[in-house]
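This report refers to the structure that appears directly beneath it.
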Amino acid sequence: MPAGDITALESIVPFSASRMLAASAHGTIMRTVSGPIDVERAGRHIRRDGGDEIAIMLITAGQGYVEQGNNGTLLRTGDVAFRAMGQPGAAGSRDGYEEIRLMVSRAAFLEQVGNPQDVAGRKLGNTPLNGLLKAYLGSLATSVSNMSEAETGIAVEGVLHLLRGILHGQTEPGAGELSTEALRSLALTHIQRRLHEPEFGPNALAEALQVSRSRLYAAFAGGEGIAATIRDARLDRAHDRIVMMQTTGGRIGSIMVSCGFTDSATFSRAFRQRFGFSPRDLVAQGAGWGAVPKGTDRPEDSRRLSVPLRA
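The sequence shown begins at 5 in our numbering and counts up one residue at a time.
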């Protein structure tokens with residue numbers, strides 16, 4: 005990992021810290037918390053460490069700036085920006101910031117996204133895929149320490165796939181460019197973001213990810229299918245929220261609606277089929293996860309969607 009930025013940051017502002025969350029052949033992901041700072045990456049830093057990665061930066065709190073070549077932009081919470089570590093540039097913040105940063109090789113970025121010079125020193129505009137990209141980066145930062153090398157590679161592939169779609173208006177330029185595992189991972193993350201929408205289903209998912217229905221269905225061919233995956237994710241969320249009613253209050257009806265169900269009879273029947281008891285039974289017995297009958301199918305990966313499902 006290039007040391008130029010981090011060395012400068014830690015020497016100028018002692019209470020700033022960058023913590024590496026994971027490093028692999030596929031990329032390095034780190035989280036930075038900093039006070040006011042200005043950091044310049046000059047030619048001597050590049051010659052010293054030889055770093056040529058592309059930094060994909062998600063600002064999670066505060067604000068800052070990035071400058072590179074003839075490009076420069078102010079950054080605010082929620083912005084995603086880019087730096088090419090193989091060329092001089094500067095970045096910093098007047099008031100402090102927090103950041104999730106994914107470093108990928110220039111070769112991988114060029115192959116899967118496009119010319120990094122087109123985005124260095126810039127930030128992404130608003131597109132329908134931006135929200136999914138931010139959620140995916142956040143999930144990756146949270147889960148990457150428990151992921152295998154292969155899973156990390158799948159997740160990084162998903163990030164680059166989303167970037168290609170945001171920058172070029174489509175995410176599937178050629179058949180087979182996105183692996184089935186990465187497509188599943190992206191789909192599962194997006195499902196979690198839209199469980200509250202009653203109309204959300206397989207067609208809306210394929211449209212949101214800008215992939216064909218046939219590719220999406222093929223990615224879920226080994227299980228019960230996309231519709232069943234969405235239904236089970238809705239039920240799992242409802243189960244969690246009903247359990248939380250014991251401390252947060254609420255009503256079963258409002259939880260049902262917040263999880264995308266519109267008919268109480270359908271919701272209750274599906275809930276009983278999945279868990280072996282009704283929502284009211286769960287409230288009455290004050291049950292937690294341990295109340296799920298032994299043998300009930302509640303795969304862990306259907307809930308922790310940042311970690312790609314295994315076949």
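Glycine included, C-beta positions come from ideal geometry on N, C-alpha and C.
If you draw a straight line from the Cα of Phe279 to the Cα of Ala231, it is about 18 Å long. Annotation: the continuous beta strand (DSSP E) that includes Ala59 extends over 58–72. The three-state secondary structure of Gly173, taken from DSSP, is coil. With respect to the 8 Å criterion, Gly66 and Asp99 are classified as neighbours on the basis of their beta carbons.
The beta carbons of Arg245 and Leu199 sit no closer together than 8 Å.
In the three-state reduction of the DSSP assignment, Glu115 falls in the helix class.
Under the DSSP assignment, Val247 falls in the alpha helix (DSSP H) whose first and last residues are 230–252. The criterion of a C-beta distance shorter than 8 Å is not satisfied by Gly31 and Asp56. In the structure shown, Ala269 adopts helical secondary structure according to DSSP, grouped into three states.
Nearest to Leu182 by C-alpha distance, out of Ile195, Leu164, Gly173, is Leu164. Restricting attention to Thr251, Gln116, Ile170, Leu171, the CA atom closest to the CA of Ile158 is found in Gln116.
Under the three-state reduction of DSSP output, Met107 falls in the strand class. Judged by DSSP in its simplified three-state form, Glu203 adopts coil rather than helix or strand. The Cβ atoms of Phe265 and Ile234 lie no closer than 8 Å to each other. In this structure, Ile104 is the residue among His172, Ala112, Gly226, Ile104 with its C-alpha nearest to the C-alpha of Ala145.
When Tyr69, Arg238, Ile63, Asn74 are compared, the shortest CA-CA separation from Gly82 is found for Ile63. The beta carbon of Gly93 sits closer than 8 Å to those of Glu44, Arg45, Val70, Glu71, Gln72, Gly73, Arg87, Ala124, Gly125, all from its chain and outside the five residues before and after it, given in chain order. Between Asn207 and Leu136, the alpha-carbon positions lie close to 17 Å from each other. For Asn75, the enclosing beta strand (DSSP E) starts and ends at 75–80.
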